[in-house]
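Right, one structure below, let's go through it.
Numbering (this note's numbering), first residue to last: 3 to 540.
The structure is reproduced here in structure tokens:
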């Protein structure tokens, strides 16, 4: 749905370095069902981008979230695609990227993390650090991305606040620095102790949590009198935090050694303002980004950007294709002609938009840290670089994860082979799945490779809904993959437990039923030269 309201920078022409200083570009990461999409909507609500927040698991009288727009997302209550949202807040420009939490979509999350300067790690008050949260944090650590921790769902029964802070220190080696402390145990949430001012901040619940929760403040003395035992307990626990080196240290946060911690409830829209204020005050602004040669691209250099995501089917009426690009340097102006670094060809940017779910706004100008959606950019793929001027610049591409699930795809209706080929190609360009070629199956039966099996569910749903070409997927038994370093050794790798498949970039991949099959073949053929596929943070 197109919008007439333009981006915060529609009529502003300014110095790219100064504009970058006003930007905060971050991602929300967590385990599934920790509340990422709900928090995204709550942030947009506080910034007055939307009038009412939605819920992933809809309640009566509360609509679904704007960022989850695929039919599968709404049906299953999870995020599958990534959403980008830009808004103004306190004379800053915030670029918020919501990410899938499900492990099956880790590749998409990794790409998003390549485009941000900070991450908000959402922790469920009852479950603490979960498996996918740990994996995503490892990616942040690998990329040097500082992390803010938001302990969510404090309005529901959960664990003790001190226990959760200890878990951050013990399991991932981050020193917790709580800026707020909950008043009332999880499930009996009264408000928070603001550890900076020493005040009590209470909130009022709103109908369905669809609007901003009104806040009220009172002094420590007043809170001791009116709130009573719960306030005194919170003060004592906060003192223990201070004694454990838990006070705010901005440098340690930026170095990735410590994490500011906030407590709140995204579904009740409480604690969200504290998070926005923290991002503006302490999260890093965009800085120079290194190119493939390790040279930093200065913020005031001519325009450059890299594509971290491609999405089709966002507008059912037009079946268009959007390439999401992070601006790295200079000023972007809609209509400018840039160079596609991979081909050296000119690229027109007439249709540039800011996209959030299915809502769109025209982008006239953008600066380092901003995310722009280039519509109908059929020439652009994930990892591509755009730049203006000379010399050319290439930013590092996106590594591909090692797939663990494989399936042969065939069109249900052979008469719709054209739609079948187009759909498979577009889903591959988006990164929904990897597409491999099999010599003995032919082009009509490509092999799809995925990190998780739910990616196949996305393929079958979207092939039928968007491309009108239902598919049959025949699962293959393989779960281990290696790169074939010597093409001459391909014949040795075709056995009853393995075969060779080809990536579109010409890389040959040997796939095996399991690790036992791989080891057995290597014992028989020690001369085989096989390499690991580059994955996320490993």
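Note that CB positions come from ideal geometry on N, CA and C, so glycine has one too.
Values in this document were obtained by computation on a predicted structure and should not be read as measured data.
Contact under 8 Å by Cβ, residue 124 with residue 32: Taking the chain shown and counting its residues from 1, the one referred to as residue 124 is at position 122. Taking the chain shown and counting its residues from 1, the one referred to as residue 32 is at position 30. It is a contact, given that the beta carbons lie within the stated cut-off.
Just mark residue 291 as buried or exposed, buried being the case when its beta carbon has 16 or more other beta carbons within 10 Å. If you number the chain shown from 1, residue 291 lands on position 289. By the neighbour-count rule (16 or more Cβ atoms within 10 Å), residue 291 is buried.
Kindly identify the DSSP beta-bridge partner or partners of residue 330. In the chain shown, counting from the first residue as 1, residue 330 sits at position 328. The partner list for residue 330 (beta bridge, DSSP) is empty, contrary to what the question assumes.
Candidates 425, 494, 382, 218: closest to residue 344 by CA position: Stepping through the chain shown from its first residue, residue 344 is reached at position 342. Answer by Cα proximity: 382.
Buried or exposed for residue 63, going by 16 or more other Cβ atoms inside 10 Å? For the purposes of this step, residue 63 is taken as the residue at position 61 of the chain shown. For residue 63, the pLDDT reaches just 39, beneath the cut-off of 50, and the residue's location in the model is therefore unreliable, leaving the point undetermined.
Could you compute how far the alpha carbon of residue 250 sits from the alpha carbon of residue 466? Here residue 250 is taken as the residue at index 248 of the chain shown, counted from 1. Here residue 466 is taken as the residue at index 464 of the chain shown, counted from 1. Cα-Cα distance, rounded: 52 Å.
So residue 309 and residue 326 are supposed to be a Cβ contact under 8 Å. How far apart are they, rounded? As a working mapping, residue 309 is identified with position 307 in the chain shown. As a working mapping, residue 326 is identified with position 324 in the chain shown. With a Cβ gap of about 7 Å, residue 309 and residue 326 count as contacting.
7 Å Cβ shell around residue 429 - same chain, five flanking residues per side excluded: For the purposes of this step, residue 429 is identified with residue 427 of the chain shown, where counting begins at 1. Once the five neighbours on either side are set aside, the close Cβ partners of residue 429 are 435, 461, 464.
In whole angstroms, what is the alpha-carbon distance linking residue 40 and residue 255? Against the chain shown, residue 40 aligns to sequence position 38. Against the chain shown, residue 255 aligns to sequence position 253. Rounded to the nearest whole angstrom, the C-alpha separation of residue 40 and residue 255 is 25 Å.
Own chain, CB closer than 6 Å to residue 226, minus 5 neighbours either side, in chain order: Here residue 226 refers to the residue found at position 224 of the chain shown. Taken in chain order, the residues that qualify are 233.
For residue 271 and residue 6, the rounded distance between their alpha carbons: Counting from one through the chain shown, the residue named residue 6 turns up at place 4. Counting from one through the chain shown, the residue named residue 271 turns up at place 269. Below a pLDDT of 50, predicted positions are generally treated as unreliable, and residue 6, at 39, falls in that range; no measurement from the model is reported.
For residue 496, which option in 356, 505, 510 has the closest C-alpha, if you only look at C-alpha atoms? By one-based count along the chain shown, residue 496 stands at place 494. Ranked by Cα distance from residue 496, the first of 356, 505, 510 is 510.
For the alpha helix (DSSP H) that contains residue 280, what are its first and last residues? Mapped onto the chain shown, residue 280 falls at position 278. Where residue 280 is concerned, the enclosing alpha helix (DSSP H) stretches over 274 to 284.
Just curious, the alpha helix (DSSP H) that residue 456 is in, first and last residue? Within the chain shown, the letter at position 454 stands for residue 456. Here the alpha helix (DSSP H) through residue 456 covers 456 to 467.
Pull the bridge partners of residue 247 from the DSSP assignment, please. As a working mapping, residue 247 is identified with position 245 in the chain shown. The partner list for residue 247 (beta bridge, DSSP) is empty, contrary to what the question assumes.
With DSSP collapsed to three states, give me the class of residue 1. Residue coverage of the chain in this structure runs from 3 to 540, which leaves residue 1 outside it and unanswerable.
Report the option in 475, 88, 503, 113 whose CA atom is closest to the CA atom of residue 410. Walking along the chain shown from the start, residue 410 turns up at place 408. Among 475, 88, 503, 113, the Cα nearest to that of residue 410 belongs to 475.
Counting only runs that start and end within the segment 365 to 434, where is the beta strand (DSSP E) found for 3 or more residues in a row? 373 to 377, 387 to 389, 407 to 413
Measure the alpha-carbon distance for residue 128 versus residue 138 and round it to whole angstroms. As a first step, residue 128 must be located in the chain shown, where it is residue number 126. As a first step, residue 138 must be located in the chain shown, where it is residue number 136. Approximately 19 Å, taken between the alpha carbons.
Do residue 487 and residue 287 have their C-beta atoms closer together than 8 Å? For the purposes of this step, residue 487 is identified with residue 485 of the chain shown, where counting begins at 1. For the purposes of this step, residue 287 is identified with residue 285 of the chain shown, where counting begins at 1. It is not a contact, given that the beta carbons lie outside the stated cut-off.
Got a sec? Which residues, its chain only, sit under 6 Å from residue 398 by beta carbon, not counting five neighbours each side? Translated into positions along the chain shown, residue 398 becomes position 396. Excluding residues within five positions, the ones whose Cβ falls inside 6 Å are 294.
Just reading off the alpha helix (DSSP H) that residue 520 is part of, what are its end residues? As a first step, residue 520 is located in the chain shown; it is residue number 518 there, counting from the start. That run of the alpha helix (DSSP H) goes 517 to 526.
Assuming residue 469 contacts residue 424 (C-beta within less than 8 Å), just tell me the rounded distance between them. Stepping through the chain shown from its first residue, residue 469 is reached at position 467. Stepping through the chain shown from its first residue, residue 424 is reached at position 422. Distance from residue 469 to residue 424 at the Cβ level is roughly 6 Å; contact confirmed, criterion being Cβ atoms closer than 8 Å.
Burial state of residue 414 (16 or more Cβ within 10 Å): In the chain shown, counting from the first residue as 1, residue 414 sits at position 412. With fewer than 16 other Cβ atoms within 10 Å, it is exposed.
Count the CB pairs spanning the segment 165 to 175 and the segment 199 to 206 that are closer than 8 Å, and state whether there are at least three. Contact between the segment 165 to 175 and the segment 199 to 206 is absent, because fewer than three Cβ pairs lie under 8 Å.
From what residue to what residue does the alpha helix (DSSP H) around residue 205 run? Counted from its first residue, the chain shown places residue 205 at position 203. That residue, residue 205, is in no alpha helix (DSSP H); its beta strand (DSSP E) goes 202 to 205.
Whole angstroms are fine: how far does the CA of residue 239 sit from the CA of residue 183? Within the chain shown, residue 183 is the residue found at index 181, counting from 1. Within the chain shown, residue 239 is the residue found at index 237, counting from 1. Roughly 8 Å separates the two Cα atoms.
Whole-number beta carbon distance between residue 380 and residue 323, since they are thought to touch under 8 Å: In the chain shown, residue 323 corresponds to position 321, counting from 1. In the chain shown, residue 380 corresponds to position 378, counting from 1. Yes, they are in contact, since the Cβ atoms of residue 323 and residue 380 sit about 6 Å apart, within 8 Å.
Taking the Cβ atom as the reference point for each residue, do residue 167 and residue 148 lie within a distance shorter than 8 Å? Numbered from 1 along the chain shown, position 165 holds the residue referred to as residue 167. Numbered from 1 along the chain shown, position 146 holds the residue referred to as residue 148. Not a contact, by the Cβ cut-off of 8 Å.
Could you say which of 356, 450, 231, 303 lies nearest to residue 95 if we only look at CA atoms? Along the chain shown, read from residue 1 onward, the residue named residue 95 stands at position 93. Here the closest residue by C-alpha is 356.
Give me the Cα-Cα distance between residue 30 and residue 490, rounded to the nearest whole angstrom. By 1-based counting over the chain shown, the position of residue 30 is 28. By 1-based counting over the chain shown, the position of residue 490 is 488. Those two C-alpha atoms are separated by around 45 Å.
Can you tell which of 208, 222, 192 has its C-alpha closest to the C-alpha of residue 198? The residue given as residue 198 occupies position 196 in the chain shown. Measuring from the Cα of residue 198, the nearest candidate turns out to be 222.
What first and last residue would you give for the beta strand (DSSP E) that runs through residue 311? Position 309 of the chain shown, counting from 1, holds the residue named residue 311. Following the DSSP letters along the chain, one finds residue 311 inside the beta strand (DSSP E) bounded by residues 306 to 314.
Delimiting residues of the beta strand (DSSP E) encompassing residue 31: As a first step, residue 31 is located in the chain shown; it is residue number 29 there, counting from the start. Segment 25 to 31, the beta strand (DSSP E) holding residue 31.
Assuming residue 438 contacts residue 503 under a Cβ cut-off of 8 Å, what Cβ separation, rounded to an integer in Å, is found between them? Taking the first residue of the chain shown as 1, we reach residue 438 at position 436. Taking the first residue of the chain shown as 1, we reach residue 503 at position 501. With a Cβ gap of about 4 Å, residue 438 and residue 503 count as contacting.
Residues near residue 55 by beta carbon distance below 6 Å, same chain, minus five either side: Counting from 1 along the chain shown, the entry for residue 55 is found at position 53. Confidence at residue 55 is low in this model, with a pLDDT of 44, below 50, so the placement of that residue is unreliable and no value is reported for it.
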